[in-house]
Every structure is written in C-alpha cells, then in structure tokens.
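Here the working numbering is used: position 76 in the sequence shown is 573, and no number is missing along the way.
Working notes, structure below.
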Amino acid sequence: RRGRPRVGGSWRVAWPSLGWYPASVTIGIEGEEIRLPRLAVHFPVELNPPGGLRPDAPSTWPPVEGRLEYVAGRLLYMPPCADVQQYVAAAAIYVLRSWSEGRAGFVVGGNEAGMYLGGDVRAAEAAVWRRADVGSASGRLQTVAPLLAVEVAGQDQGEPELRTKAQWYLDHGVSVVWLVLPHSREV
C-alpha cells in the first residue's frame, strides 16, 4: 500500500548494535531475515496484524523494539526515537507537567501517550486531558480525545508526516495539536 514495505507472517524487527542511528534494519518474515539499508525503508512500516490483536488491548499487541500504532486497520511500526527527539519530547512533557501542577483539573500523559479513538490507536509524545473526562488511572488506553496532543519530529517522521498525523488528531476530536520541529526550532 502506497509503496510502503509490508511485513507479514511471523515477523520481528531488529536493530543491529551500530549506535543510535543504525545503517540498516533487519526484518524477519516467515523465519527468513531481510537486511535492508535504512534509507531504503520508508517509515512507518506496515505490519500484518497478528491473530488475536485487539487494538484497544495493548497486551494483545506483538512485542517489538520500537513503537506501534493501529490506524485505519493497519498496524504501523516505527523504530525507537533517537536522541534529539527523546530530549525534545522530555522537555515538552516537563513543560506541560509543570503547567498542570497548579491546575488540578488537568492530567498530562507522556511516553507515547496512547489513545484509542474511532477504532484507531495513536500515541503522542505528550498529551493533556481534562481530569474529569478521563477519571482515575485504569491501566488502559485513553478513550477520550485530549485537549492537546504533542508530536515531535524525528529521524523517521518529518513535518509532512506529522501534518498528516495532526489532521488525524483533529479529525478525532483533539482540540489543539503542537508539531515540534527540533531542527528548525519551530512549533
């Protein structure tokens, strides 16, 4: 679909120990491993969902080294975040958490804040919800759109990809989306 690599069967994605930005990615398909130059892979990589996957139950998702989202019936894989994206995401969470300390009516989520909206699962670097909308912590994905979702550009997702993701958030009831572009220092 749309020229993106599709991985199926029994699969795994592994990163060789080449530092924070590997030169290649290894994708396991049906017991065979395929090693591709990183620049030959367009992320996110679409994976065939394994049997028993329930988008609203993270315990049914396959274990991978990286990040998964479920959008429009597609299971999408992204590699782990590299250092710049990590640092900027942590700073955004810190700013939002500091802001929320004096405002008991709000809760801040981070670390790929998972939300199950309209049958899809997305994970923002940070998000802010009204406490009254989400209730007490339940160990499950949020099922209410946040007031704010924050996405930070990284090696594998630039501004065009984040704009598409921002439109998804807006279409699913998120009031405000911040796209943080570390290299141009823009929000």
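By construction, the Cβ of each residue, glycine as well, lies at the ideal position given by its N, Cα and C atoms.
Does the Cβ of residue i have 16 or more other Cβ atoms within 10 Å, making it buried, or fewer, making it exposed?
i           : result
residue 590 : buried
residue 554 : exposed
residue 596 : exposed
residue 533 : exposed
residue 537 : exposed
residue 643 : buried
residue 621 : buried
residue 655 : exposed
residue 634 : exposed
residue 629 : exposed
residue 684 : exposed
residue 602 : exposed
residue 584 : exposed
residue 486 : Residue 486 cannot be examined here, being either before or after the span of the chain that is shown, 498 to 684.
residue 664 : exposed
Just how far apart, CA to CA, sit residue i and residue j?
i           : j           : result
residue 613 : residue 653 : 23 angstroms
residue 682 : residue 572 : 31 angstroms
residue 623 : residue 671 : 13 angstroms
residue 666 : residue 660 : 10 angstroms
residue 600 : residue 530 : 50 angstroms
residue 586 : residue 549 : 32 angstroms
residue 569 : residue 619 : 11 angstroms
residue 675 : residue 632 : 24 angstroms
residue 547 : residue 559 : 7 angstroms
residue 662 : residue 562 : 22 angstroms
residue 564 : residue 617 : 15 angstroms
residue 551 : residue 592 : 33 angstroms
residue 557 : residue 606 : 22 angstroms
residue 679 : residue 651 : 8 angstroms
residue 658 : residue 598 : 32 angstroms
Bridge partners for residue i per DSSP, in chain order?
i           : result
residue 540 : DSSP output for residue 540 lists no bridge partner at all.
residue 609 : According to DSSP, residue 609 bridges with nothing at all.
residue 618 : 567, 613
residue 679 : DSSP output for residue 679 lists no bridge partner at all.
residue 604 : 626
residue 684 : According to DSSP, residue 684 bridges with nothing at all.
Segment contact, 8 angstroms Cβ cut-off, at least three pairs: the region 540–549 with the region 568–580 = At 8 angstroms Cβ cutoff, the stretches touch.
Note down, one range per segment and in chain order, each beta strand (DSSP E) of at least 3 residues found wholly within the region 543–598.
-> Listed in chain order, the complete beta strand (DSSP E) runs (minimum 3 residues) inside the region 543–598 are 564–568, 571–575.
Which runs of the beta strand (DSSP E) fall wholly inside the region 622–668 and span at least 3 residues, in chain order?
-> Every beta strand (DSSP E) stretch that sits fully inside the region 622–668 and reaches 3 residues is listed by chain position as 645–649.
Does the region 627–641 touch the region 602–611, meaning 3 or more C-beta pairs lie closer than 8 angstroms?
-> Judged by Cβ distances under 8 angstroms, the region 602–611 makes contact with the region 627–641, as three or more pairs qualify.
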